[in-house]
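Numbering (the UniProt record's numbering), first residue to last: 1 to 203.
What follows is the structure, given as structure tokens:
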């Protein structure tokens, strides 16, 4: 999960088949703190998707379907839901997989998907820009920071032991006013409960 913090989005491929004819899974960026540009929270990565090359019956997934499944899950990671409205039906974010990809619609994002993706890029697209100096709120632990929980919503929902950028306390510092002592990103001496660990496991 630490390696994923260096990237906008991770893609995992597996030959393990899923149940119920599912070919892929991913985290959504809204209203949850996951998807593209999401940073690890308490040792868990949310900027990742997984795609399988095997069907539920154990057959190999055709390459064109595997490719469109990857694009479909990337769409979810960028904030697009399934296309279920009549004016956007039949595009790549359809809930069903198309066996026939002769139609360009089947490999294209609909206007509905684009409308859902745009605000996510505006809100979370900072990870596509090169980092030139430390910035509190990007979810990356940098010089001068004790922690960096990302945007305020992520901090409040998933990482309350770190002060967000616009907090009344010191931003990107341990939230000691709430009784927390440290942050797990500082190393093994800090527990997941944001208190100093009593027993440190041997390496």
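By construction, the Cβ of each residue, glycine as well, lies at the ideal position given by its N, Cα and C atoms.
Note that the structure is predicted; figures quoted are calculated from it, not measured.
Here residue 159 is buried. Its C-beta has 16 or more other C-beta atoms within 10 Å. Residue environment: residue 38 is assigned as buried (16 or more neighbouring CB atoms within 10 Å of its CB, all protein chains considered). In the DSSP assignment, residue 25 falls within the unbroken beta strand (DSSP E) covering 24-26. Rounded to the nearest angstrom, the gap between the Cα atoms of residue 187 and residue 42 is 11 Å.
Judged by DSSP in its simplified three-state form, residue 140 adopts coil rather than helix or strand. If you check the CB distance, residue 183 and residue 136 do not come in under 8 Å.
Pairing residue 185 with residue 141 gives a Cβ-Cβ distance under 8 Å. An exposed status is given to residue 196, since fewer than 16 other beta-carbon atoms sit within 10 Å of its beta-carbon. The three-state reading of DSSP puts residue 61 in coil, since its state is none of H, G, I, E or B. The beta carbon of residue 32 sits closer than 8 Å to those of 46, all from its chain and outside the five residues before and after it, given in chain order. Taking 8 Å as the cut-off, the beta carbon of residue 149 is found closer than this to the beta carbon of residue 164. In the DSSP annotation of this structure, the continuous segment of the beta strand (DSSP E) that includes residue 11 starts and ends at 10-14.
Take residue 98, set aside five residues on each side of it, and the residues of its chain with a beta-carbon closer than 7 Å to its own are 106, in chain order.
In the three-state reduction of the DSSP assignment, residue 87 falls in the helix class, which pools H, G and I. Contact between the region 12-24 and the region 107-126 is absent, with fewer than three C-beta pairs closer than 8 Å.
The beta carbon of residue 70 is closer than 7 Å to those of 11 and 51 in its chain, skipping five residues each way along the sequence.
The shortest CA-to-CA distance from residue 109 to any of 3, 81 and 100 is the one to 81.
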